[in-house]
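Counting in my numbering, the sequence shown runs from 5 upward without gaps. Yeah, the Cβ is synthetic: ideal placement off N, Cα and C, and Gly gets one too.
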Amino acid sequence: MAKASGYTPMMKHYLEVKERNKDAIIFYRLGDFYEMFFEDAKTASNELDLVLTGRNAGVEEKVPMCGIPHHAANGYIQRLIQKGYKVAIVEQLEDVSSAKGLVKRDVIKIVTPGTIMDEVSDEKNTVYIAALHDYQFGLAVVLCEMTTGEMRAQLIDKQVMAIQKVIMGNNVREVVVSDGFDKKMLKMLEDMPQVTLSYQKNSEIKPAYMHLLSDIEDTRIHQAFGILTNYLDDTQKRSMAHLNHVEFVYEHDYMQMDFATKQNLELTQSIRNNANSTTLWSFLDKCKSSMGSRTLRKWIEYPLLDVKAINKRLDAIEFLNDNFITKDELREHLSYVYDMERLSARVAYGSANPRDIVRLIKTLEHTPAIFEIFKDCSAYEEFQSIDPCIALYDKIKDAIVEEPPLSLKDGGVFVEGYHAELDEVRRIGKSGKNWILELENKERERTGVKSLKIGYNRVFGYYIEVTKANLDQIKEEFGYIRKQTLANAERFVTQELKEKEDAIVHAQERSIRLEQELFHALLSDICVYLPKLHDVAKALATIDALYALSEISSENGYTRPHFHSEHAIFMEEARHPILDRSMKQTRYVSNNLDMSEEHDILMITGPNMGGKSTYMRQTALIVVMAQIGCFVPAAKVDMPIFDQIFTRIGASDDIMSGQSTFMVEMIEANNALQNATANSLILFDEIGRGTSTYDGMALAQAMIEYITNHIHAKTLFSTHYHELTDMAIHNQSIRNVHVDVHEEDDHITFLYRISDGKADKSYGINVARLAHLPDSLLERANQLLEQLELQDQGVANIQAPQIIQTENPLHKAVIERIEAVDINKMTPMEAMQCLYEIKAKLHTDK
Numbered sequence: 005m006a007k008a009s010g011y012t013p014m015m016k017h018y019l020e021v022k023e024r025n026k027d028a029i030i031f032y033r034l035g036d037f038y039e040m041f042f043e044d045a046k047t048a049s050n051e052l053d054l055v056l057t058g059r060n061a062g063v064e065e066k067v068p069m070c071g072i073p074h075h076a077a078n079g080y081i082q083r084l085i086q087k088g089y090k091v092a093i094v095e096q097l098e099d100v101s102s103a104k105g106l107v108k109r110d111v112i113k114i115v116t117p118g119t120i121m122d123e124v125s126d127e128k129n130t131v132y133i134a135a136l137h138d139y140q141f142g143l144a145v146v147l148c149e150m151t152t153g154e155m156r157a158q159l160i161d162k163q164v165m166a167i168q169k170v171i172m173g174n175n176v177r178e179v180v181v182s183d184g185f186d187k188k189m190l191k192m193l194e195d196m197p198q199v200t201l202s203y204q205k206n207s208e209i210k211p212a213y214m215h216l217l218s219d220i221e222d223t224r225i226h227q228a229f230g231i232l233t234n235y236l237d238d239t240q241k242r243s244m245a246h247l248n249h250v251e252f253v254y255e256h257d258y259m260q261m262d263f264a265t266k267q268n269l270e271l272t273q274s275i276r277n278n279a280n281s282t283t284l285w286s287f288l289d290k291c292k293s294s295m296g297s298r299t300l301r302k303w304i305e306y307p308l309l310d311v312k313a314i315n316k317r318l319d320a321i322e323f324l325n326d327n328f329i330t331k332d333e334l335r336e337h338l339s340y341v342y343d344m345e346r347l348s349a350r351v352a353y354g355s356a357n358p359r360d361i362v363r364l365i366k367t368l369e370h371t372p373a374i375f376e377i378f379k380d381c382s383a384y385e386e387f388q389s390i391d392p393c394i395a396l397y398d399k400i401k402d403a404i405v406e407e408p409p410l411s412l413k414d415g416g417v418f419v420e421g422y423h424a425e426l427d428e429v430r431r432i433g434k435s436g437k438n439w440i441l442e443l444e445n446k447e448r449e450r451t452g453v454k455s456l457k458i459g460y461n462r463v464f465g466y467y468i469e470v471t472k473a474n475l476d477q478i479k480e481e482f483g484y485i486r487k488q489t490l491a492n493a494e495r496f497v498t499q500e501l502k503e504k505e506d507a508i509v510h511a512q513e514r515s516i517r518l519e520q521e522l523f524h525a526l527l528s529d530i531c532v533y534l535p536k537l538h539d540v541a542k543a544l545a546t547i548d549a550l551y552a553l554s555e556i557s558s559e560n561g562y563t564r565p566h567f568h569s570e571h572a573i574f575m576e577e578a579r580h581p582i583l584d585r586s587m588k589q590t591r592y593v594s595n596n597l598d599m600s601e602e603h604d605i606l607m608i609t610g611p612n613m614g615g616k617s618t619y620m621r622q623t624a625l626i627v628v629m630a631q632i633g634c635f636v637p638a639a640k641v642d643m644p645i646f647d648q649i650f651t652r653i654g655a656s657d658d659i660m661s662g663q664s665t666f667m668v669e670m671i672e673a674n675n676a677l678q679n680a681t682a683n684s685l686i687l688f689d690e691i692g693r694g695t696s697t698y699d700g701m702a703l704a705q706a707m708i709e710y711i712t713n714h715i716h717a718k719t720l721f722s723t724h725y726h727e728l729t730d731m732a733i734h735n736q737s738i739r740n741v742h743v744d745v746h747e748e749d750d751h752i753t754f755l756y757r758i759s760d761g762k763a764d765k766s767y768g769i770n771v772a773r774l775a776h777l778p779d780s781l782l783e784r785a786n787q788l789l790e791q792l793e794l795q796d797q798g799v800a801n802i803q804a805p806q807i808i809q810t811e812n813p814l815h816k817a818v819i820e821r822i823e824a825v826d827i828n829k830m831t832p833m834e835a836m837q838c839l840y841e842i843k844a845k846l847h848t849d850k
């Protein structure tokens, strides 16, 4: 950064601000523009496609400069934030007309990737900021969604998978840590895509925020919370009054899925960067409000384990489907519901505008009717005890005009009759404007210049404009005083116009100032109701999400799933929810899934493109839908509650961390094998294909044996190693199924039907023929296949060993935790806490 000596006072001030905010691009307010200088200007011009110019700043060379109109700032800030930059907004803190010397300016807010408020572009999307506290044998995490004030906390293991699951699974765009954070962990966080790393030294919690932790005593969470709230205060330059109570997340209350599993199943984001790609969330999202959509997303990301809670949602869906007239009425009222979560947060934060209040009024207008419609739903009778804030509605319903301006500075926000003094000031201003029109007509008559007009700008005030062609008609006795010369016209004032201008402008300024005072008073009135508004918003979002699941269930003829405490799973005529709806040319082929109590492994064989992966994915999606409390695409589903889902589907690599496709495959498989329980669901698709045939087959067989001997999780295992199907002969917990194919004269037709037994061959050459490979090549491949099949007779006779000696994954994890701890850096309390958690883990294992 340039040294301040020699520069103009304004540029010196800019450099002082930049010195304090080195990691941010400075948006420096000059008149109606935000200007950027030096390296910031070069960066912004590249990222925002702005013209790079120069500015005289008191030194010999011009300094690099670019700028944007202040009214368009949000769009530009949004683009920079999406690319991981921070933006410090420097505003003029005093009126230019009354300022003496250099106008006072300072940073009023630093917008970062995790602290976007007004700059949010997607109302349905959520962006989190996270604070991490390293307590040696684990991490305390506090998450915050700034636009709603939602806060969550949890303790996680100090492992890559656990951190990836929290950071990437929650769309965390910014991570805040304190000095001394584990360097290895820092490197991993820096390598994460779309994550900005920030630092905060102070972890002391301010008294104003202590009440948000009233239900949490864990000092490790307190440390992370202190880091986060101090960082928010430093960047937002105001108190975070809109933050909600911190909710402690117990992972074992929800079905667990790692980030790779959520990606593979495309629950909330597509693997393909395609705007038209459909996820389970976008498919189920029939919500009428953004907050309903976000609630539904949270349900999908955190399926339930409590059968009572699941059945509560299912009962509500059944109620709506059985009462279609009620559902139609509900749809009508929900269409008037706005995003009350974010509206309330903006009111508390102090950034609400007049249109936000109109939306709040419309939402409150329909809230009593929605609660009345839903009163017969016994599953959610607690909604009847929520105050619909009728008193607040009555207080604010007649305050704002129907279509108010976006900014208070434009005036015209409040209805006539709302405030007597405002009405009087407006009358004076209006009569003044009428006087101006009358004066314009009078001057046209007096001068004979029909094109004469009276205009106004902030610099010169009111003026009379005459084109140069008519200047000869302006006589001295008219009393015109020349004010400004333009290319094609001259501007004048008269003594009469100057005298009236003071009264008119004063009335307009007083009107806007009065409206600002009234608006802030209105926000204060609403703030009193914020706790109640939060309850109303949560209830409306839940009703909206239930409506969406009801709508999708009735539209597609879904059925209610049933749960039991046994280990069997049965799905009759099950369908992939998204493909079943999107296939227009042909009808989707439904399939059964039947895994009895004793069956742990369903071994699936058949050709590529036959539907093995789709069959596996549809099973997992139906399980997720069932456990979020949604009806499912099947004639009948009887299933246990699954505590976790693990997937290894599709080919992918991680170039950034130097991991090959096969390495990623082994890491994901290991995660399942180390963490799955007998109550988990595992999907393994083509395990072992990234290495040699014998290596791959050996690994695949060893994994199957490990699952059947030690984990006993329900596992769908698709493979092209047909030799593995013989394992079912010796192991009753393995069951063979295959995808049907019709073959005729080397041509095959996929039937997409799952049938009992193993496939007789892989049909790889037949699939290659469908891809139109050269005939001579296919003929040669057939010859080679026949030779290989004659030579290789021993591969099929794999004998499964009776016993596999294994280490206990939990014991291994405990040993790794003890080895990672530096006892010399721990307090006695931390050492006791560490020992307590290790004992709790071991006790859980027993």
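- Rounded to whole angstroms, the gap between the alpha carbons of I209 and G105 is 40 Å.
- Looking from the CA of A349, the closest CA among I321, M613 and L527 belongs to L527.
- Between A572 and M607, the CB-CB gap reaches or exceeds 8 Å.
- Q499: member of the alpha helix (DSSP H) spanning Q499 to C531, first to last residue.
- A distance below 8 Å separates the beta carbons of H568 and P644.
- With a cutoff of 8 Å on beta-carbon distance, V429 and V419 are scored as not near each other.
- With a 10 Å radius around the Cβ and a threshold of 16 neighbouring Cβ atoms, V532 comes out exposed.
- In this structure, the alpha-carbon of T371 lies about 16 Å from that of D360.
- The secondary-structure analysis by DSSP pairs Q158 across a beta bridge with V145.
- For R462, no beta strand (DSSP E) encloses it, and the DSSP letter there is neither H nor E.
- Within the same chain, and ignoring the five residues on either side of Q648 in sequence, the residues whose Cβ sits closer than 8 Å to its Cβ are M259, Q260, M261, N679, A680, T681, N683, S684 and L685.
- In the structure shown, Y32 adopts extended strand secondary structure according to DSSP, grouped into three states.
- Residue environment: R821 is assigned as buried (16 or more neighbouring CB atoms within 10 Å of its CB, all protein chains considered).
- Counting C-beta pairs closer than 8 Å gives fewer than three between the segment 318-331 and the segment 487-506, which falls short of the contact rule.
- Uninterrupted alpha helix (DSSP H) stretches at least 4 residues long and entirely within the segment 279-325 occur at 284-288 and 294-305, given in chain order.
- Taking a C-beta distance under 8 Å as the contact criterion, I81 and V115 qualify as a contact pair.
- Between Q158 and the set T152, M150, T151 and I167, the nearest pair of CA atoms involves I167.
- Under DSSP, E39 takes part in a beta bridge, and its partners are Y32 and G71.
- Only residues of its own chain outside the window of five on either side were considered, and among them A352 have a CB closer than 6 Å to the CB of A245, listed in chain order.
- Taking the Cα positions, N740 is about 30 Å away from F263.
- Scanning the segment 633-718 for uninterrupted alpha helix (DSSP H) segments of 4 residues or longer gives 665-679 and 697-710, listed from N- to C-terminal end.
- Closest in C-alpha terms to D699, from the list K26, F666 and P832, comes F666.
- Using a Cβ-Cβ distance cut-off of 8 Å, the segment 39-51 and the segment 123-141 are not in contact, since fewer than three pairs of beta carbons, one from each stretch, lie closer than that value.
- In the DSSP assignment, Y132 falls within the beta strand (DSSP E) that extends over Y132 to D138.
- Taking C-beta separations shorter than 8 Å and ignoring five residues to either side along the sequence, the partners of F287 in its chain run I556, P581, I582 and R585, following chain order.
- Contact between S722 and K616 is confirmed by a C-beta separation of about 4 Å, below the 8 Å threshold.
- Going by C-alpha positions, E601 is about 10 Å away from F574.
- Non-local beta-carbon contacts of N248 in its own chain, meaning distances under 8 Å to residues more than five positions away in sequence, involve T152, G153, E154, M155, L216 and H538 in chain order.
- By the 16-neighbour rule on beta-carbons within 10 angstroms, F646 is buried.
- The segment 196-210 makes contact with the segment 168-185; the number of CB pairs closer than 8 Å reaches 3 or more.
- For I556, the uninterrupted alpha helix (DSSP H) run begins and ends at L534 to N560, by DSSP.
- Remark: C-beta atoms of L720 and T609 do not approach each other more closely than 8 Å.
- By the Cβ rule, the segment 397-413 does not count as touching the segment 479-488, because fewer than three pairs are nearer than 8 Å.
- Annotated three-state conformation of G58 is strand, per DSSP.
- Put simply, of Q163, A763, R431 and I458 the residue whose alpha carbon is nearest the alpha carbon of L443 is I458.
- Put simply, of K718, E65 and I29 the residue whose alpha carbon is nearest the alpha carbon of A92 is I29.
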